[in-house]
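Working notes for the structure below.
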Amino acid sequence: TTRSWDFLGLSSHYPTNVLQNSKMGDGVIIGVFDTGVWPESKAFSDEGLGPIPSRWKGVCKSGDHFNAATHCNRKIIGARWFIDGFLAEYGQPLNTSEDPEYLSPRDANGHGTHTSSTASGSYVRNISYKGLGPGTIRGGAPRARLAIYKVCWNVLGGQCASADILKAFDEAINDGVDVLSLSIGYSLPLFSDVDERDGIATGSFHAVARGITVVCGAANDGPSAQTVQNTAPWILTVAASTIDRAFPTPITLGNNKTFLGQAIFTGKENGFTGLTYPEGTGLDPASAGSCQALLLNSTLIAGKVVLCFASVARRVAIRSAASTVQEAGGIGLIIAKNPSDALIECSDGFPCIEVDYEIGTRILYYIRSAKIPTVKLSPSKTLIGKPVSPNVAFFSSRGPSSIAPQILKPDITAPGVNILAATSQLDQLMDGGYAILSGTSMATPHVSGIVALLKAIHPDWSPAAIKSALITTARTKDASGFPLFAEGSPKKLANPFDFGGGIVNPNGAADPGLVYDMGTSDYIHYLCAMGYNNSAISRLTGQSTVCPMEPPSILDVNLPSITVSSLRNSATLTRTVTNVGAPKSIYKAVIEPPTGITVTVRPHILVFNSTTKKISFNVTVSAAHEVNTGYFFGSLTWTNEQHAVRIPLSVKTKILQSYADDN
Amino acid sequence: EAKSNVYIVYLGERQLDDPKLVTDSHHDLLASVVGSKEVASDLMVYSYRHGFTGFAAKLTESQAQKLSELPGVVRVIPNSLHRLQ
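These protein sequence lines are chains S and F, in that order. Mind the numbering: the first sequence is residues 4 to 666 in the numbering used here, read in order. Mind the numbering: the second sequence is residues 197 to 281 in the numbering used here, read in order.
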């Protein structure tokens, strides 16, 4: 977070932004469902904070190495843990011999401390990771309060039981939180919105019905389509992007050519050393130099830097190659791979430098042509601002939703790559209590913090109004005004299934002009359109519900997006916007139609005054295509002199129905 | 002896205002299947009583099936694990 808030336009140096206007989220309570908290971190200092909000009804509970009287304060106002559901699956007692853990809100893993400090940590100056990414860390809403609900346990990287998550929802709703932040997901295939195995969909429905915004990660299964999780329309689902920061790492070859790789390499420069590539023989000569299955001869490797080529983007290839090279006595690793954004530091300052296949191939040709190839690896540097532009992260899960493609997911994108924030003192990858982590887990609390700022400014806005404000004002272009890209193979222009509305723009969201609002009746509309039965809907909502004989159209759910996943000829849908700007306002529609699609909007002009605050309009989309197509993308923007209220349009023609080409 | 697992018995939006009464109703409902309130107390893992109503309990598959057939029960589903992102 030493750069991410500046990247999002929330620099604390500027007096006129939503950070200052919201008094940094003072009075708002953010509940975090995660692995707990390391309360001694300076990120949770309560210096300068006023009394705990009087509506707070939660508790701070003492436990293993956690003393409520001293570890809770005016920043961490609540802390408790829920483990019984997990233990029932895992078995009792919790085995802490391999992975340390505390039966208390104390965080052994570090993940919960990282997400909590990103959402609402206090200012901590002069922080870096071994000199990289220096600056001030803080949360999005530095004066908001934190309620910690430890529902995830430090087993196999962090596991959380749905019974425990549901209990945390039950208590958090009663405690008086305003925002809930969940960097938690399940695995595909998804459970339905009314299946409590999910836990998050059901619990969040009840929270949202009480005005609590629930922010969840989209998951890390990208860049494949249809991998997005936490897809219920009442949830605010967050994708991850990079920021305008990079860690270039010089690789100087013996022929004096220098390439810049990416790494978190904070060790010493060793000068020129030998460089080798494990050439193979036989039927698959490339296999010897594959990072996933390096075949090394220790006598040839000792004291040298090794080049390998990875055929998978995941970090496991780097970890496996690094340990193989280290065991063989190698002193460094250059990994040629598809970009995966998230950097990891190899152990003990061992250099693991990533390059793309093009640079990897050029290094390989140098090795093959030189009599005695040599290389010098220099420590990583921090580069911020232009020319580094943000991309949707490789790992960030992509839409469309596999449950309901008409409900655009993810909703919004926030920084989630190489984020420096507070962590547990037991985190093996930390430097002085701070660590660099990547994932939609890190993007989620960025949005939770921003939601807290919006709640402070607009306490009467519904969760749907806040979501609409975020989506309709999000950025789809970089600082130079060019479209954003999404990492993948190959990198491509980002579309709504990559980033929802775009990269979150907190200052714009504070004054969106119009919102596409929703309440329980709209969610009932959605549930009826999905074909869920009357009794399940009635029980979920607490309202006796009889869905119409002819199910309502899911296209009419009042979302700040339009996604037509199966257009044959034409379709007409309805939206309603609520004016939250100046009472007298006139908006005009600006349509950017998807390729081959005609879009008409009626009425084309919306006139608001002191009595007319809501106006409905119809959108008709017609296809010229006569074949099944993929998705084409466009937008509908309502504009006046001050505002541009943009929603994404995604349309796919499907002449042949029920044909498996949904992605 | 049949193996017990944690099941979530979901009853929907809360109908009673007093959380204590809500929890009592959960014990009554579970007792109607497992035989007594004492046994029900032993098997109860969580009573969901503020934001919505339901409970988590250690049940055999047949007990879960019986509960799912009772009036007012929306669904009975097994506990499952999520992961950090």
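Here a beta-carbon is modelled for each residue, glycine too, at the ideal position from N, C-alpha and C.
Grab me the residues of residue i's own chain with a C-beta within less than 8 Å of its C-beta, minus the 5 sequence neighbours each way, in chain order.
i: L266/F; result: L225, S228 and V229
i: D434/S; result: S131, Y132 and K133
i: P462/S; result: none
i: T523/S; result: A212, T544 and Q546
i: P20/S; result: The sequence shown places Asn at residue 20/S, rather than the Pro named in the question. So the list reads G12, L13, S14, P509 and N510, once near-sequence residues are dropped.
i: A198/F; result: T256, E257 and S258
Are the beta-carbon atoms belonging to residue i and residue j less than 7 Å from one another?
i: L97/S; j: G66/S; result: no
i: R210/F; j: F248/F; result: yes
i: A585/S; j: V518/S; result: no
i: V202/F; j: A166/S; result: yes
i: D559/S; j: G388/S; result: no
i: S383/S; j: A266/S; result: yes
i: F275/S; j: T252/S; result: no
i: L256/S; j: Y368/S; result: no
i: A574/S; j: M521/S; result: no
i: G503/S; j: P448/S; result: no
i: I469/S; j: L456/S; result: no
i: A446/S; j: A482/S; result: no
i: A260/F; j: V272/F; result: yes
i: I168/S; j: V40/S; result: no
i: L336/S; j: A249/S; result: no
i: V593/S; j: T640/S; result: yes
i: G570/S; j: A626/S; result: Just to set this straight, residue 570/S is Leu in the shown sequence, not Gly. Yes. Within cutoff.
i: G442/S; j: T479/S; result: no
i: P486/S; j: P651/S; result: no
Leaving out five residues before and five after residue i in sequence, what residues of the same chain have Cβ atoms less than 6 Å from its Cβ?
i: A313/S; result: C294, A320, I338 and K340
i: R128/S; result: T139
i: T2/S; result: What the structure shows of chain S is the stretch from 4 to 666, and residue 2/S is not part of that stretch, so it cannot be assessed.
i: I439/S; result: Y132, N421 and L423
i: V610/S; result: I589
i: P56/S; result: G30
i: P54/S; result: none
Quick one: what's got a C-beta closer than 7 Å to residue i's C-beta in the same chain, skipping five residues either side?
i: G511/S; result: T476
i: P554/S; result: C531, A532 and G534
i: P606/S; result: F620
i: I176/S; result: H209, A210, R213 and I215
i: L659/S; result: N631
i: Q232/S; result: G188, Y189, L193, A221, A222 and S400
i: V459/S; result: Looking at the sequence shown, residue 459/S is not Val but Ala. Same-chain partners within the cutoff: S25, K26, G28, D29, G30 and V31.
With residue i and residue j assumed to form a contact (beta carbons below 8 Å), what rounded beta-carbon distance in angstroms separates them?
i: R318/S; j: G136/S; result: About 19 Å separates the two Cβ atoms, so there is no contact after all.
i: F208/S; j: A235/S; result: 7 Å
i: N76/S; j: D49/S; result: 4 Å
i: V217/S; j: I33/S; result: About 11 Å separates the two Cβ atoms, so there is no contact after all.
i: N561/S; j: D525/S; result: 5 Å
i: V398/S; j: A345/S; result: It should be noted that the sequence gives Phe, not Val, for residue 398/S. Confirmed, about 7 Å.
i: K170/S; j: W84/S; result: Contact doesn't hold; Cβ gap of about 10 Å is too wide.
i: H114/S; j: T38/S; result: 5 Å
i: Y126/S; j: R141/S; result: 5 Å
i: A425/S; j: P226/S; result: The pair is not a contact, with the Cβ atoms about 29 Å apart (cut-off 8 Å).
i: S119/S; j: V35/S; result: 5 Å
i: G436/S; j: S195/S; result: Actually they do not touch by this definition, with Cβ atoms about 41 Å apart.
Does residue i get closer than 7 Å to chain A when you measure Cβ to Cβ?
i: G545/S; result: Annotation note: the requested chain A is absent from the structure, which comprises protein chains S and F.
Near-chain F residues of the region 527 to 542 of chain S (beta-carbon distance less than 8 Å), N- to C-terminal order: S538, A539, S541 and R542
Cβ-based contacts, 9 Å cut-off: residues of the region 213 to 244 of chain F near chain S: P215, V241, Y242, S243 and Y244
Residues of the region 155 to 180 of chain S with Cβ closer than 9 Å to any Cβ of chain F, in chain order: So the close ones are C155, L159, G160, G161, Q162, C163, A164, S165, A166, D167, I168, L169, K170, F172, D173, E174, A175, I176, N177 and D178.
Entirely enclosed beta strand (DSSP E) segments - the region 162 to 214 of chain S, minimum 3 residues: 162 to 164 and 182 to 185
Near-chain F residues of the region 216 to 236 of chain S - C-beta to any C-beta below 7 Å: G220, A222 and N223
Chain F contacts made by the region 388 to 399 of chain S, where a contact means CB separation under 8 Å: none
Residues in the region 98 to 126 of chain S having any Cβ partner in chain F nearer than 7 Å: H114
Whole beta strand (DSSP E) elements within the region 240 to 308 of chain S, 3-residue minimum: If we require 3 residues or more, the beta strand (DSSP E) runs fully inside the region 240 to 308 of chain S come out as 251 to 256, 261 to 265 and 276 to 279.
Members of the region 70 to 96 of chain S that neighbour chain F once the beta carbon cut-off is set at 7 Å: D87, G88, A91 and E92
Near-chain S residues of the region 251 to 273 of chain F - C-beta to any C-beta below 7 Å: Within the region 251 to 273 of chain F, contact with chain S at the beta-carbon level (separation under 7 Å) is assigned to A252, K254, V270, R271 and I273.
Selection of the region 424 to 454 of chain S by Cβ proximity to chain F, strictly under 8 Å: G442, T443, S444 and T447
Contact set between the region 240 to 251 of chain S and chain F, restricted to residues whose Cβ is under 7 Å from the partner: none
Contact list for the region 352 to 373 of chain S against chain F, Cβ threshold 7 Å: none
Every unbroken alpha helix (DSSP H) within the region 297 to 376 of chain S, with a cutoff of 4 residues, ordered by chain: Fully enclosed alpha helix (DSSP H) runs of 4 or longer: 301 to 304, 318 to 330 and 360 to 372.
Minimum length 3: unbroken beta strand (DSSP E) runs contained in the region 599 to 639 of chain S: 600 to 605, 608 to 611 and 617 to 626
Whole runs of the alpha helix (DSSP H) within the region 401 to 462 of chain S, excluding any shorter than 4 residues: 443 to 460
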